[in-house]
Amino acid sequence: MITRRTFGLSAGALALGATAGKALAQDKSAVRIAAIAPLSGAGAFDGQLAVEGMQAMAAVINGKGGVLGGRKIELVTYDDKGVPEEGVSAAKRALEQDKVDLIVGGWFSAVALAQKEVTRDKIINVMTSSQHPKVTEEGHKYLFRLNATSTMMSDRYAKFICEKMKLKSVAFITINDDYGRLEVENYRKLLGACNIEVKGNEFYNRNDTDFTTALTKLRSLNSDAIYVSAINTSQGATIYRQIRQSGYKGTIIASAGNMNPKLVELSGPALEGVYCVSLFAPDTDNASAKAWMAQYGKMFKNEPSFIGSLGAQAVEVLAGAMDKAGGAREYDKIAAAMKGQPWKTLLGEITFDGKGQALQNIYLIQVKNKKIVSAS
Amino acid sequence: MTAAPRMRALGAVAALAVLPWLTGNAFLQHMMVLWAIYALLALSLNIIVGYLGELSFGHAAFFGIGAYTSALLSMQWGVPVWLGPFLGAIVAGAFGLVIGFVALRIVGPQFAILTLGFGAILHTITNYWVDLTRGPMGISNIPPFSLGPIALDFAQARNMYYVALVFLLGVAYVCHALMTSRRGRAFIAVRENPALAASIGIDVFATKLHGFVVATAIAGAGGALYGHYLRVITPELMSLQYVAALIIMVIVGGKGTIVGPLIGALVYVSLLEMLRAAGPLRLVVFAALLTACVIFLPGGLVSLWRRLRERRLAPEPAGASA
Amino acid sequence: MDSDVFAQLVVFTQQVANGLANGMGYVLIAVGLTLVFGVLRIVNFAHGEFYMLGAYFTYYVTALAGIDYLGALVLATLAVAAIGIVANQFFFRPLRKEHEFTILLSSLGLALLMANGAEYVFGADPKYVPTRYADETLEIGPVVVTQQRVLVIAVAFAMIAATYWFIRHTRMGKMMQATAQNPEGAQLTGINTGFVHAYTFAFACGLAALSGALVGPTAMLTHTVGDWAVLKGFIVVVMGGLGSVTGALFGGILLGVAESLGGGYVSLGFKDAIGYAIIILVLLWRPQGLFSAGSGRR
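One line per chain: the protein sequences are A, B and C, in this order. Per numbering that gives the first Met the number 0, the first sequence starts with residue 0, numbered consecutively. Per numbering that gives the first Met the number 0, the second sequence starts with residue 0, numbered consecutively. Per numbering that gives the first Met the number 0, the third sequence starts with residue 0, numbered consecutively.
This is the structure in structure tokens:
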């Protein structure tokens, strides 16, 4: 079983171990999956949740006997600091130095866009939470992406906002990056189409901690709702709290895909009743999700989150595809297997299109009594 | 240069030239390229810190300007990639000229904070001028260096290493030549005692500006090399993280020498990579080693060697630069 | 039309109020930084990390030990001041005779050590320092300020006044002044400058911790907040004049209000650059700082 200690194990030490292992038993050596995530810097917590999700799923699979007739899954973690150039270096190290079998990464769009060029046509690379359409646009043959693109998310969410929320106007506070810019662009179109007036938008930076200036401007617009586009848990919680502290009384709409128990805990009363769309609803009765959540609870003190569930799904799908392909390095066969059939995962049944983009179920969720629950 | 140091320098060059052939490991070669580029940057900062005796907290901005200049020129206007480092140097040097002209009137901690301010503003502009720089998303798919007829792929670490090494050796030679020239002695005079330097007819301001522009231009060339090698750049290049990294390289290695920054860059690149074994404690151990080095070896790692040599050859005084 | 003008006026007043609250937070951070520069001649990059520690200690004492926020704030301040004594002893005292870059790098190393150590010890998960004042607002007409921010403003004013009085009227304060003006001279008159240094450093660290405990609850707490704090502190210190306590007061308010109005009316994206733009102008026009009588061109 993978414990917290292995989490910290060095890539270098693992490389040594792997060489020693090879001599002993080729077939029973672990399948090594690189987990490249932001483990330091501003995105460190979200990266930690992601890696924990992967580890819990690896433990579930290893507990059931592993993959490929008894090989264990071993994760090798790399810190990309949420920065593209670090992501490139990490991917190079995983590929050239540590010679891992598979790569899971791409939590931030900018990192994913840079990283995919390093791994292109060399190794199976599953991108996780990045939402930028360009990640899978070109359709490299070994590249996959799990998260719904922001276009798919906003289509679903806008439908709900238009039909159910009875708003006349909305204002945005948006992270200044690919994700945020694309999101606000989508909603301007989609909400405009159902006659919700977009009264304004303010961009903020990745390192900002005080949003009162922006919120004062937004409050003065008197819109019915403020849409918060935030990926980072810490910034998200600060914004939700400061919206209420600024005296804004309207509706808060939470950014698609960012909801997690930590955010709910940190945001306090500010998030009560707030809706969100997500691929993961914690009150699901999916058996795989339940096993994963139970395992997660045993291993980590954080609660299972959406971002962790994506990491888990990456491991789950890769394990299934490896078994089908009959090898950890049969990349053509693994890619064909992934695209060839629907996969039953902890997030429900998904399929991949020809370019490696997953088609996921998108659920509407809501914060009720400090819990994230399914809504309709 | 007397015979012995010349032989030593040639030996070092030869060793650096065969280095990438000692391993077939592409990742180690990648580390070598990073070392060569960081060493180049550290050498450039050393001109300001070690020779002019001022601390710049804005140096990473010039690195970033070079990287963006070269990437944008090659991608948007089809300027040949090989011109990139030179154009990057010119543009970064031009910024250095303007900023240096303004900032060098002030000395000491105020100068350091002034450069911090200029660096932060350039960083912010890069971050927000989305139409030009693509903002925080950065620029990806930057074309690598290539030599068409010979079909050398410089995205390959081993090939790129030689490009970076040529630039590094060139800059090291320029630094050496500079410091043994009249201009170099003027630098030292300005560093040690500006009032005295002025009294013997040295134009202190012009001397400093000269050094500052050379340093920023070299940083610009380094930025271009970095961009065409990693093929992705973001405004993070201009952040304090890189500023701190460069300062650490120069001071841990030993400021005011040529070997010092090279060693500093080596320690920085390799130590961080080796310390991955420390897992979550990686950066804690790194910071502890760094601080210990500063406290126990204030002259940098080169002073260790000098100390040993002095102990052996007690009567001979140590040279000012290696 | 009239209601439009009124609405504009409300927004303006609100932005000034926001700026004042943020600015007084900056003042609290900057006072310690400026004292350390004035007395010890150290540009202390680790100052922000003591702010970070203050916020974390307050969090642990309130959230885990269940002690009231105001009590926790005092405990955190004292604990961090004690840590400051140790930090000075190991990281700065041995380097007194070294080049200023070496001392600066030592502070940079200490900052890296503390920030990364905090991630290791406290975890990467963001935390929220619970106070009952954070979500309670004070509404003056249409202008809304949280009670926490009012507390920041009040404590900052009180601390500035106390610090000013302390330096002017106590024996230790006078020794600090003497050491700042002429370390050798102070030593000759029998002042134990080593003790004065340790005292000043601990005092500054305590102030940093206090600001962390007060400003921390306005946002989420992570191990990276120290960077933010020390940069804001530097800007204020340079604006007000290195080593000047009253300068820090005016510099902080100026920075807070300028950021708030600049962000509100010019460009939010460039909000963080506003402070830097001001210090460039200040340094070129009056290198000794806007509010300092002393000469800056040393």
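In this text, a Cβ means the ideal position worked out from N, Cα and C, and glycines have one as well.
- Residue pairing by DSSP puts A/ARG144 in a beta bridge opposite A/MET126, A/GLN356.
- Sequence-ordered contacts of the stretch 22 to 42 of chain B with chain A read ASN24, ALA25, PHE26, LEU27, HIS29, LEU33 [C-beta pairs closer than 8 Å].
- Taken atom to atom, the span from the alpha-carbon of A/VAL103 to that of A/ASN146 is near 13 Å.
- When 7 Å is used as the limit between beta carbons, B/TYR161 is near no residue of chain C, the shortest such separation being about 33 Å.
- B/VAL231 reaches chain A at PRO83, GLU84, VAL87, ALA113, counting residues in chain order whose Cβ is nearer than 7 Å.
- Comparing C-alpha distances from A/SER287 to each of A/MET56, A/ILE242, A/ASP223 shows the shortest one belongs to A/MET56.
- Nearest to B/VAL242 by C-alpha distance, out of B/SER55, B/LEU15, B/ALA8, is B/SER55.
- If you draw a straight line from the Cα of A/GLY138 to the Cα of B/ASN126, it comes to about 29 Å.
- Interface flag for A/ALA90 against chain B is unset, since no Cβ pair is found closer than 8 Å.
- Non-local C-beta neighbours of C/GLY83 in its own chain, meaning closer than 6 Å and more than five positions away in sequence, comprise PHE200, ALA201, CYS204, ordered along the chain.
- Counting other Cβ atoms within 10 Å of its Cβ, A/LYS27 stays below 16 and is therefore classed as exposed.
- The C-alpha of B/ILE89 lies about 41 Å from the C-alpha of A/PHE44.
- Inclusion of B/THR68 and B/LEU39 in the CB contact set at 8 Å is not warranted, their separation being larger than that value.
- Nearest CB-CB separation between B/THR256 and chain C: not below the 8 Å threshold.
- Against chain B, the CB of C/VAL237 has a partner CB under 8 Å away; the residue lies at that interface.
- Buried is the label assigned to A/TRP291, since at least 16 other Cβ atoms lie within 10 Å of its Cβ.
- Note that the C-beta distance between C/MET23 and C/VAL151 is below 8 Å.
- The three-state secondary structure of A/PHE351, taken from DSSP, is strand.
- B/ALA91 places its beta carbon 8 Å or farther from that of B/GLY210.
- Burial state of A/TYR203 is buried, judged by a 10 Å Cβ sphere holding 16 or more other Cβ atoms.
- Judged by DSSP in its simplified three-state form, A/ILE361 adopts coil rather than helix or strand.
- With the rule of 3 Cβ pairs closer than 8 Å, the stretch 295 to 312 of chain A does not count as touching the stretch 176 to 183 of chain A.
- The three-state reading of DSSP puts C/THR192 in helix, counting H, G and I together.
- In the structure shown, B/THR233 adopts coil according to DSSP, grouped into three states.
- When C-alpha distances from B/PRO143 are compared across B/VAL203, B/HIS227, B/LEU18, the shortest belongs to B/HIS227.
- By the criterion of at least three beta-carbon pairs nearer than 8 Å, the stretch 54 to 69 of chain C is in contact with the stretch 209 to 229 of chain C.
- When CB distances to chain B are screened at a threshold of 8 Å, the residues of the stretch 204 to 225 of chain A falling below it are ASN204, ARG205, in chain order.
- Taking the beta carbon of C/PRO182 as reference, no residue of chain B falls within 8 Å; the closest one sits roughly 17 Å away.
- Apart from sequence neighbours up to five positions away, the residues of its chain that approach B/VAL80 with a beta-carbon distance below 8 Å are SER69, SER73, PRO142, PRO143, PHE144, SER145, HIS227, ordered along the chain.
- Using a Cβ distance threshold of 8 Å, A/GLN241 and A/LEU214 count as a contacting pair.
- In this structure, C/ALA75 places its C-beta atom within 8 Å of the C-beta atom of C/VAL60.
- Assignment of beta-bridge partners to C/THR162 by DSSP yields no partner.
- Between B/GLY263 and B/ALA41 a beta carbon distance of about 6 Å is seen, short of the 8 Å cut, so the two are scored as contacting.
- Shown in chain order are the members of the stretch 105 to 123 of chain C whose Cβ falls below 7 Å from a Cβ of chain B: SER105, LEU107, GLY108, LEU109, LEU111, LEU112, ASN115, GLY116, TYR119.
- No Cβ of chain B is located within less than 8 Å of the beta carbon of A/ALA229.
- Around A/ASP177, the beta-carbon contacts reaching into chain B at under 7 Å are MET136.
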